[in-house]
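A short write-up of the structure that comes next.
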Amino acid sequence: MLAVISPAKTLDFESSPKTNVSSVPDFLDQSELLIERLRTLSEQELSSLMSISPKLASLNRQRYHDWCVPFSSENAKQAILAFKGDVYTGFTLDQYTSKDFDYA
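Using the numbering used here, read the sequence shown as starting at 243 and increasing by one per residue.
Given below as structure tokens:
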């Protein structure tokens, strides 16, 4: 089963990951093109484009400038571990086994 859920506004790249299992995202080339374009926008333009607050636009602008490939444990984290929204608390990741992370 595949489920599509909304990404969270709050991200945690500070805590250590609970697994070493990772993968390279699909559409990485397209992501790089998108990031390059987003980096050219001001905070005001991002706020207007995404209908987000100036504070969130500022945070996202910094995230776009920090984004780099190749990914490593120092500059990236599995999305399920990085996202910290209401939807993600239901995953009870502290109970995941290595097999669960492989499947996810």
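Beta carbons are placed, not taken as given, at the ideal position from N, Cα and C, and that holds for glycine.
None of the values given here were measured: they were computed from a predicted structure.
Among the bridge pairs identified by DSSP, L253 is matched with F325. Minimum Cα-Cα distance from R279 among the listed residues K260, R303, K297, S258 corresponds to R303. Note that the C-beta distance between V329 and S248 is below 8 Å. By the neighbour-count criterion, in which a residue is buried when 16 or more other Cβ atoms sit within 10 angstroms of its Cβ, K297 is exposed. When Cβ pairs closer than 8 Å are counted between the two stretches, the region 326–345 is seen not to touch the region 273–291, the count staying below three.
Going by DSSP, Q286 is part of the alpha helix (DSSP H) stretching over 285–292.
The three-state secondary structure of Q304, taken from DSSP, is helix. Of all C-beta pairs linking the region 284–296 to the region 256–275, fewer than three are shorter than 8 Å, placing the two stretches out of contact. By the CB criterion at 8 Å, K319 and P267 fall outside the cutoff. When C-alpha distances from F313 are compared across S264, I322, F325, K326, the shortest belongs to S264.
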